[in-house]
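Visitor: First the structure, then my questions, so here it is.
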Amino acid sequence: FYVGHRNSQEISSWRMDPDTGGLTQINKVPVEAAPTFLSTDRNGRFLLSAYYQGAHVAVHRTGDDGSLSDPPIVWLETAPAAHAIQTDRSNKFAFVPHIARMNDSVMQPPGDVLGPNTIFQFRFDDKTGDLTPNSPLKVEQKEFLGPRHFCFHPDLDVVYFSDEQGGSVTAYRLDPSAGTLSAFQTITTLPEGFSGRNTCSQIQISPSGRFLYVPNRGHNSIAGFSVDAASGRLTGIGQVETEAVPSAFSLDPEGAFLFAAGSESDRLASYRVDAATGELTPLETYPVGKRPMGVLIANLGG
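Following the numbering used here, the numbering of the sequence shown begins with -8 at its first residue and continues without gaps.
Right, here's the structure in full:
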């Protein structure tokens, strides 16, 4: 797997022992800005990265041993606040969301530096790793929505974005031939009557495609949704209290458990996922060190 180093402006690659979980570094490459988000393409031949302050995205070729090319084969300017990049299920298209307000920490008053509030659309060549602008290049947003992270439905041509400033999830139809997005639903992540400061962070759909989850930073909860199997539309199933400022979370590979990290509590909370309803039942919390900002779950053995 791959790790972005913000302070040193590098990306490192690591090999995991499948039996013990032990890590061995493969290589480390410099980049021209602080990496914010990393993902591999669907074939694992390329690593894509987004640069929030650097206003760019990049593509590195990966070797058979998992090593990264140096320099990247793509270094492409988008806009400030580039928060994520992933290829779609066909591996032909890539999307890059940009939030609506820069450095929007719920621990501080709202700032006055606005972000682009848009999603960039690209065509992706899975043979060369090249990114080229799609038409249109941008998916314009409702005012102050702030698309941050996104996930793909496992079966439908539907993409879900967490809206950092909007406190919501927006669902988009993905045209499988053109690689373009069109919004068809925006639904709040917050309970009725809540008026406090809040921003959404990550987003993840269950392996079955039946449930979707988004953390609220400020309300300090995990919002859950059921997903209509035919249309992809979302219905809220409520919020469950979690650790302070949940910036990162993950479902386990089977979708049976959810783990959320509180960047202000320095703890990891665990939940059981009800297979029938998607509701979360709190289990245990664990100390994990200062300001946890990522949760990665891997199967070991076998």
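Glycine residues also receive a C-beta, built at the ideal position from the N, C-alpha and C atoms.
Because the structure is a prediction, the values reported are computed rather than measured.
Does the beta-carbon distance from L38 to I76 come in below 8 Å?
Guide: Taking 8 Å as the Cβ cut-off, L38 and I76 do not qualify as a contacting pair.
Visitor: Start and end of the beta strand (DSSP E) containing L291?
Guide: L291 -> no beta strand (DSSP E), and no H or E assigned at all.
Visitor: D243 bridges to which residues according to DSSP?
Guide: For D243, which the question treats as bridged, DSSP gives no partner whatsoever.
Visitor: Buried or exposed: where does N94 fall if 16 or more other Cβ atoms within 10 Å of its Cβ makes it buried?
Guide: Flag for N94 reads exposed.
Visitor: Quick test of your reading: V218 and F240, contact by CB under 8 Å. State the CB separation rounded to the nearest angstrom.
Guide: Their Cβ separation, rounded to whole angstroms, is 17 Å, which puts V218 and F240 out of contact at 8 Å.
Visitor: Using DSSP with H/G/I as helix, E/B as strand and the rest coil, what is L38?
Guide: Three-state DSSP puts L38 in a strand.
Visitor: For a quick check, are the C-beta atoms of P273 and P198 less than 8 Å apart?
Guide: The answer is no: Cβ separation not under 8 Å.
Visitor: Of the choices T123, V149, T180, G157, whose alpha-carbon is the least far from that of A174?
Guide: Minimum Cα distance to A174 is reached at V149.
Visitor: Let me know the beta strand (DSSP E) ranges lying completely inside the region 6 to 31, each 3 residues or longer, listed in chain order.
Guide: Within the region 6 to 31, the complete beta strand (DSSP E) runs of at least 3 residues are 14 to 21, 28 to 31.
Visitor: Could you check what DSSP says for L225 in three-state terms: helix, strand or coil?
Guide: Here L225 sits in strand by DSSP.
Visitor: Is L29 buried or exposed, if buried means 16 or more other CB atoms sit within 10 Å of its CB?
Guide: Label assigned to L29: buried.
Visitor: Starting from R139, follow its DSSP beta bridges and name the residues at the other end.
Guide: Partner(s): none; R139 has no beta bridge.
Visitor: Cα separation between N207 and A289?
Guide: Near 25 Å, if we compare the C-alpha coordinates of A289 and N207.
Visitor: Taking only the alpha-carbon atoms, compute the straight-line gap between T268 and G229 and give it to the nearest angstrom.
Guide: C-alpha separation (whole angstroms): 11 Å.
Visitor: Going by the beta-carbon positions, is the gap between A73 and V87 smaller than 8 Å?
Guide: Yes.
Visitor: Taking 8 Å as the threshold, find out whether the region -2 to 17 comes into contact with the region 110 to 117 through three or more Cβ pairs.
Guide: With the cut-off at 8 Å, the region -2 to 17 and the region 110 to 117 do not touch.
Visitor: Could you check the C-alpha separation between G280 and A251 for me, to the nearest Å?
Guide: Roughly 14 Å separates the two Cα atoms.
Visitor: In angstroms with no decimal places, state the Cα-to-Cα distance between A25 and R80.
Guide: Their backbone Cα atoms lie some 27 Å apart in a straight line.
Visitor: Determine the contact status of F299 and L287, defining contact as a CB-CB distance below 8 Å.
Guide: Examination of residue 299 is not possible in this model, given that the chain is present from -8 through 293 alone.
Visitor: Quick one: what's got a C-beta closer than 6 Å to H89's C-beta in the same chain, skipping five residues either side?
Guide: Contacts found: A70, A72, A73, G106, P107, T109.
Visitor: Where does Y277 land, buried or exposed, given buried means 16+ other C-beta within 10 angstroms?
Guide: When all chains shown are included, Y277 counts as exposed.
Visitor: So, for E155: in the same chain, excluding its five sequence neighbours on each side, which residues have a beta-carbon less than 6 Å away from its beta-carbon?
Guide: Hits under 6 Å: I90, G137, R139, T190, C191.
Visitor: Going by the DSSP bridge assignment, what does I2 pair with across the sheet?
Guide: In DSSP, I2 forms a bridge with G(-5), V20.
Visitor: Out of curiosity, what's the CA-to-CA distance linking D32 and R188?
Guide: Their Cα atoms are separated by approximately 35 Å.
Visitor: So, for E131: in the same chain, excluding its five sequence neighbours on each side, which residues have a beta-carbon less than 7 Å away from its beta-carbon?
Guide: If we look at E131 and ignore the five residues flanking it on each side, its Cβ neighbours are T109.
Visitor: Could you check how far apart the C-beta atoms of I178 and F152 are, in whole angstroms? I think they sit under 8 Å.
Guide: Not quite, the Cβ-Cβ distance comes to about 12 Å (not below 8 Å), so this is no contact.
Visitor: Quick check: what's the CA-CA separation for G253 versus V264?
Guide: Answer to the nearest angstrom: the Cα atoms are 19 Å apart.
Visitor: Just verifying my parser: in three-state terms, what is the DSSP assignment at N108?
Guide: The answer is coil: DSSP assigns N108 none of H, G, I, E or B.
Visitor: Would you please verify whether the beta carbon of F113 is less than 8 Å from any beta carbon of chain C?
Guide: Looking for chain C here will not work: only one protein chain is present.
Visitor: Roughly how many angstroms lie between the CA atoms of R6 and S60, to the nearest whole one?
Guide: Each residue's Cα considered, the two are about 16 Å apart.
Visitor: Which residues share a DSSP beta bridge with V50?
Guide: Its beta-bridge partners are L39, V65.
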